[in-house]
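Residue numbers (my numbering): 20 to 144.
Glycine included, each C-beta is placed from N, C-alpha and C at the ideal position.
Only one structure is covered here, and it is reproduced in the block below.
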């Protein structure tokens with residue numbers, strides 16, 4: 020049996036404010052018992068990706084404890100509610116297919132780009 024993998028990476032930077040009142044502080048928090056490259060996500064089944072994505076979403080529940088502004092926490096919650104698990108898996112598979120050069124990036128960074136970057140920061144896909 021493999022040891023459990025714990026990865027939480029929250030990266031917030033600069034005064035980007037797509038959500039009204041959401042100005043994220045410059046902070047980087049890492050809690051890693053292991054690191055998974057994006058290429059490992061590509062090899063997962065849809066069911067395993069759903070579990071991985073749910074774990075990522077559960078990790079985001081720690082934002083209030085990290086002194087992230089309430090407006091940002093609300094923006095993250097809205098992002099998570101906007102898509103179903105199945106839609107996030109499709110989004111992630113599409114992102115990986117469109118960005119094969121990112122396969123060596125940490126999976127948590129890729130998942131952030133897919134799940135949160137566009138709706139919290141208003142970045143173009």
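Problem - Coil, strand or helix - residue 125 by DSSP - result: Three-state DSSP puts residue 125 in a strand.
Practice task
Would you kindly work out how many angstroms separate the C-alpha atoms of residue 68 and residue 80, rounded to a whole number?
Solution key: The alpha-carbon atoms of residue 68 and residue 80 are separated by roughly 19 Å.
Practice task
Classify residue 119 as helix, strand or coil using the three-state DSSP reduction.
Solution key: Residue state, collapsed to three classes: helix.
Practice task
Please state whether DSSP places residue 88 in a helix, a strand or coil.
Solution key: DSSP places residue 88 in coil when its eight states are reduced to three.
Practice task
Report yes or no: do the stretch 91 to 107 and the stretch 128 to 139 share at least 3 C-beta pairs separated by less than 8 Å?
Solution key: Flag = yes, the stretch 91 to 107 and the stretch 128 to 139 touch.
Exercise for the section: For residue 126, collect the residues of the same chain with a Cβ closer than 6 Å to its Cβ; drop the 5 residues on either side in sequence, then sort them by chain order. Expected result: For residue 126, where only same-chain residues beyond five positions count, the Cβ hits under 6 Å are 55, 57 and 60.
Practice task
Check the C-beta distance from residue 130 over to residue 72 and give it rounded, since I have them as a contact under 8 Å.
Solution key: Between residue 72 and residue 130 the Cβ distance is about 7 Å, and since that is below 8 Å, they are a contact.
Exercise for the section: Spell out the partners DSSP gives residue 56 in its beta bridges. Expected result: Answer is 125, bridged to residue 56.
Handout entry: residue 103 in three-state terms, based on DSSP
Key = The answer is coil: DSSP assigns residue 103 none of H, G, I, E or B.
Practice task
Please classify residue 62: does DSSP put it in a helix, a strand, or coil?
Solution key: Per DSSP, reduced to three states, the secondary structure at residue 62 is coil, with no helix or strand assignment.
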